[in-house]
Amino acid sequence: MDVKEELNKKSHADSDALETVLTHVGELGRYQKMLFLGMAPFGIFFAFVYFVQMFITATPQRHWCRVPELEHLDLELRRNLTAPSAGDTWERCLMYDANWTHVLQNNSVPPDTPIVACKNGWEFELGDIPYETVVSERGWVCENAGYTPLAQTIFFVGSFVGGIYFGWMADHFGRVPALVGSNVIAFVGGVASIYTTGIWDFAFCRLLVGMSYDSCFMIMYILAIMARFLINMAYNAAIQWSAELLPTPVRASGTALIHVSGYVATIVSPYIVYSEHVWRSLPLLILGVIAVVGSSVGLLLPETNGMQMPQTIEEGEKIVSSYTLCGKVEEVEVESPEENDKMKALIT
Numbered sequence: 001m002d003v004k005e006e007l008n009k010k011s012h013a014d015s016d017a018l019e020t021v022l023t024h025v026g027e028l029g030r031y032q033k034m035l036f037l038g039m040a041p042f043g044i045f046f047a048f049v050y051f052v053q054m055f056i057t058a059t060p061q062r063h064w065c066r067v068p069e070l071e072h073l074d075l076e077l078r079r080n081l082t083a084p085s086a087g088d089t090w091e092r093c094l095m096y097d098a099n100w101t102h103v104l105q106n107n108s109v110p111p112d113t114p115i116v117a118c119k120n121g122w123e124f125e126l127g128d129i130p131y132e133t134v135v136s137e138r139g140w141v142c143e144n145a146g147y148t149p150l151a152q153t154i155f156f157v158g159s160f161v162g163g164i165y166f167g168w169m170a171d172h173f174g175r176v177p178a179l180v181g182s183n184v185i186a187f188v189g190g191v192a193s194i195y196t197t198g199i200w201d202f203a204f205c206r207l208l209v210g211m212s213y214d215s216c217f218m219i220m221y222i223l224a225i226m227a228r229f230l231i232n233m234a235y236n237a238a239i240q241w242s243a244e245l246l247p248t249p250v251r252a253s254g255t256a257l258i259h260v261s262g263y264v265a266t267i268v269s270p271y272i273v274y275s276e277h278v279w280r281s282l283p284l285l286i287l288g289v290i291a292v293v294g295s296s297v298g299l300l301l302p303e304t305n306g307m308q309m310p311q312t313i314e315e316g317e318k319i320v321s322s323y324t325l326c327g328k329v330e331e332v333e334v335e336s337p338e339e340n341d342k343m344k345a346l347i348t
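Going letter by letter, the sequence shown gives residues 1 to 348 in the working numbering.
If you want it as structure tokens, here you go:
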């Protein structure tokens, strides 16, 4: 008890000493205010780097196929003549393949007119988004709708690359050159985005802008998301195929064992999450080690590609016994269930 009290006194004294030093230096003095004002432009620029992509790639939801012959008509009439109805709304990616000269004469579309994909781009009603975006200017909808998420994905790929590169740069040349260099690259990539015309040059500019994004902390989250994705793949494969790999007599017991293991893991999982208080990355490390160990053990299982699955326990034992640890298979003749019954009858 005396030792613990003494340690507590030292810890309390250390904290008092730190508070004394901070008070002596000044908690919010001239230097701290100048530092805050000096970092404010970088913080503002950081917000632009991350949030601008959400505004420039926003997709107006009210759009339809563009028909040059109808551009002189009113917007609503033009849309009604161009886009087939789809319930309470209209088709955004399909149009009537009509003779537009006849349509203008009759002010209607014949009922048997075929429907095709858009031929001349799209028209956008700038209501929900009251300004032109990259999507509306370049027609990144319908079959081109994947361009927007692709550009945003490449942005985060750039943040991954930039985190590694500028981290190395900060270690070798200092933090200020790395900070200024990342902002310069973001400026170049942002301005160059204005002059792009296609998806790949735009994506390259987003890659440059993403390199300036503060990815030092993003790397951990990206790896965590990838780990969760792979763990879910392994879980679904194990649940779906484990029962099929077991012989029929022990299939129920084997499946029950899988679920019991899952219940045990569910009981332990809160403690794994709580281990974050010991070290922030410890939960991810535990899950990663378990996944690596589990997959490594799976490599020791016998290869059954092209083999008839065992129907009895005896067949399963013979197949397993024909393999050595990480060795080659030994040719073993698997008896059919009828031969098993005959053998048992002879023995009895």
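Every residue, glycine too, gets a C-beta built ideally from N, C-alpha and C.
Note that the coordinates shown come from a computational prediction; the quantities given were computed from them, not determined experimentally.
Three-state secondary structure assigned by DSSP to SER108: SER108 falls in the coil class under three-state DSSP.
Start and end residues, beta strand (DSSP E) containing GLU96: The question names Glu, but residue 96 in the sequence shown is Tyr. Run containing TYR96: 94-96, per the beta strand (DSSP E) assignment.
Length of the line joining the Cα atoms of GLY327 and ARG280: Residue confidence is low: GLY327 scores 42 on pLDDT, short of 50, so the model does not pin down where it sits. Its coordinate-derived value is still stated next. Going from the Cα of GLY327 to the Cα of ARG280 covers about 41 Å.
Reference PHE55, options ILE129, HIS72, VAL157 and VAL293, closest by Cα: The shortest Cα separation from PHE55 among ILE129, HIS72, VAL157 and VAL293 belongs to ILE129.
Nearest-angstrom beta carbon gap, ALA186 and ALA234 [assumed within contact, 8 Å]: Rounded to the nearest angstrom, the Cβ distance from ALA234 to ALA186 is 38 Å, too far for a contact under 8 Å.
Contact under 7 Å by Cβ, CYS65 with MET95: Yes, they are a contact pair.
Same chain only: Cβ atoms within 8 Å of ILE286, ignoring 5 sequence neighbours per side: Around ILE286: ILE272 and SER275.
Helix, strand or coil at ALA237 [DSSP, three-state]: In the displayed model, ALA237 falls within a helix according to three-state DSSP.
Contact between the segment 150-162 and the segment 66-81 (3+ Cβ pairs under 8 Å): No, they do not touch.
DSSP-derived helix/strand/coil call for THR248: Residue state, collapsed to three classes: helix.
Among ALA192, GLN53, SER295 and LEU35, the one whose alpha carbon lies nearest that of VAL135: That would be GLN53, whose Cα lies nearest to the Cα of VAL135.
Boundaries of the alpha helix (DSSP H) in which ALA117 is found, first to last residue: Premise fails: ALA117 lies in the beta strand (DSSP E), 115-117, not in any alpha helix (DSSP H).
Meets three-Cβ-pair contact criterion under 8 Å: the segment 141-148 and the segment 83-98: Touching, yes, given that three or more Cβ pairs across the two stretches are closer than 8 Å.
Distance between beta carbons of PRO249 and ILE313, contact taken as under 8 Å: About 6 Å; that satisfies the 8 Å criterion.
Exposed unless 16 or more other CB atoms sit within 10 angstroms - verdict on ALA117: Flag for ALA117 reads exposed.
Beta-carbon proximity list for HIS63, same chain, < 8 Å, skipping 5 on both sides: So the qualifying residues of the chain are ARG92, TRP122, GLU123, PHE124, GLU125, SER136 and VAL141.
Nearest-angstrom beta carbon gap, THR57 and THR133 [assumed within contact, 8 Å]: With a beta-carbon spacing of about 6 Å, THR133 and THR57 fall inside the 8 Å limit used to define contacts.
Buried or exposed by the 16-neighbour rule on C-beta atoms within 10 Å, applied to MET211: By the neighbour-count definition (other C-beta atoms within 10 Å, threshold 16), MET211 is a buried residue.
Own chain, CB closer than 7 Å to THR148, minus 5 neighbours either side, in chain order: So the qualifying residues of the chain are THR57, THR59, VAL135 and TRP140.
Start and end residues, beta strand (DSSP E) containing HIS72: For HIS72, no beta strand (DSSP E) run applies, since DSSP gives it neither H nor E.
For HIS172, the first and last residue of its enclosing alpha helix (DSSP H): Taken as a continuous stretch (DSSP letters only), the alpha helix (DSSP H) holding HIS172 covers 147-173.
Exposed unless 16 or more other CB atoms sit within 10 angstroms - verdict on THR82: Counting every other CB atom within 10 Å of its CB across the protein chains shown gives THR82 a total of 16 or more, marking it as buried.
Sequence-distant residues of its chain with Cβ nearer than 6 Å to GLY262 (five each side left out): Closer than 6 Å at Cβ, skipping near neighbours: no residue.
First through last residue of the alpha helix (DSSP H) which encompasses GLU137: Taken as a continuous stretch (DSSP letters only), the alpha helix (DSSP H) holding GLU137 covers 134-138.
Straight-line Cα distance separating LEU28 from THR20: Rounded to the nearest whole angstrom, the C-alpha separation of THR20 and LEU28 is 14 Å.
Residue(s) in a DSSP beta bridge with TRP64: Beta-bridge partners assigned by DSSP to TRP64: GLU123.
Cβ neighbour criterion (16 or more within 10 Å) applied to VAL289: With fewer than 16 other Cβ atoms within 10 Å, it is exposed.
N- and C-terminal bounds of the alpha helix (DSSP H) containing GLY198: Per DSSP, GLY198 belongs to no alpha helix (DSSP H) and is neither H nor E.
Straight-line gap, GLU315 to LEU246 (C-alpha atoms, nearest Å): So the two alpha carbons sit approximately 11 Å from each other.
Sequence-distant residues of the same chain with beta carbon closer than 7 Å to ASN352, five excluded per side: Given that the chain is displayed from residue 1 to residue 348, the structure contains no residue 352 and the question cannot be resolved.
Three-state secondary structure assigned by DSSP to THR89: THR89 sits in a strand when the DSSP states are folded into three classes.
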